[in-house]
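Take a look at the structure below.
Numbering (the numbering used here), first residue to last: 433 to 548.
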């Protein structure tokens, strides 16, 4: 690999799978409805009418991956340079999952000042 210009390698392993349940909170909205009040409907007032949407539960499988960056230089004593863990929830397609994982991995490496 060094002969073709690569000086590092990233190895990714599946560490664990877990079941998860996320609670997505519901919403509430208030509308004010006009109504006549008083004797002979002399006054106009507004009554609040509030509606609530229930919470939504989303369940699925979470995959936990660990990526390790190794230096390939032969003269180095310590080859392991970086380790990171990532979670992927309910992957729907391989292409989309790999693309998002690569983006998260690149962002983590840049944030750690590993890749510039």
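Note that CB positions come from ideal geometry on N, CA and C, so glycine has one too. Keep in mind the model is a prediction, meaning the values are calculated, not measured.
Look up residue 476 in the DSSP assignment and say whether it is helix, strand or coil.
-> strand
Would you kindly check if the distance between the Cβ of residue 449 and the Cβ of residue 494 is under 8 angstroms?
-> yes
Exposed or buried, what is residue 501 when buried is set at 16 or more other beta-carbons lying within 10 Å of its beta-carbon?
-> buried
Within 8 angstroms, strictly: CB atoms of residue 509 and residue 485 = no
Span separating the alpha-carbon of residue 538 from that of residue 545 | 11 angstroms
Report the rounded CA-to-CA distance for residue 548 versus residue 534, giving the unit in angstroms.
-> Here the model assigns residue 548 a pLDDT of 48, short of 50, so the residue's position is not dependable, and the following value carries that caveat. Going from the Cα of residue 548 to the Cα of residue 534 covers about 15 angstroms.
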